[in-house]
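**Q**
Residue numbers (the UniProt record's numbering): 1 to 152.
1. To the nearest whole angstrom, what separates the beta carbons of residue 49 and residue 76, a pair I think is in contact under 8 angstroms?
2. Note the first and the last residue of the continuous alpha helix (DSSP H) segment covering residue 101.
3. What are the start and end residues of the alpha helix (DSSP H) that includes residue 64?
4. Within this structure, are the beta carbons of residue 56 and residue 21 separated by less than 8 angstroms?
5. Taking Cβ to Cβ, would you say residue 16 is nearer than 8 angstroms to residue 23?
6. Given residue 128, which residues of its chain have a CB within under 8 angstroms of its CB, disregarding the five upstream and five downstream residues?
7. Grab me the residues of residue 70's own chain with a C-beta within less than 8 angstroms of its C-beta, minus the 5 sequence neighbours each way, in chain order.
8. Quick check for students: name the residue ranges of the alpha helix (DSSP H) that lie wholly in the stretch 14-41, counting only runs of 4 or more.
9. Could you tell me which of 37, 29 and 89 sits nearest to residue 66, measuring between CA atoms?
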């Protein structure tokens, strides 16, 4: 009988990704629900790019999957991948307005963090020309509009 491991400890050696990551990345919300119910599933296990299942789900634009992931209390919504991106920075650069709103609903989201590339949320929204996202960010009390990039 063949089976797919659900933990990072038993990753698929060919892909180095967990079933939870695959399910979220491909928009299979019902499969994500089933996997998240298991106590032995690591909700923030990273792949070879240091991307978590939440990160991958945002990257692929699956809002329902992101909402489901964020319903788990043990989710790191501010995780950095190996290029210094966060789920929020990905949603901003891709112009995913609703995804940005979903992520900003988390009380633990960090807006004033400079990623490895040295860019803040406001900088990314401005640089990418996403006016609606910039407006959303600017009305928040916890955002610093004067935060400079990593290189000034």
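Virtual Cβ for every residue (Gly too), placed ideally from N, Cα, C. Since this is a predicted model, take the numbers as computed values, not measurements.
**A** Considering the structure as presented:
1. About 15 angstroms separates the two Cβ atoms, so there is no contact after all.
2. 97-104
3. Note, residue 64: alpha helix (DSSP H), 63-70.
4. yes
5. Note that the C-beta distance between residue 16 and residue 23 is not below 8 angstroms.
6. 92, 93 and 95
7. 54, 77, 102, 103, 105 and 106
8. 19-25 and 29-36
9. 29
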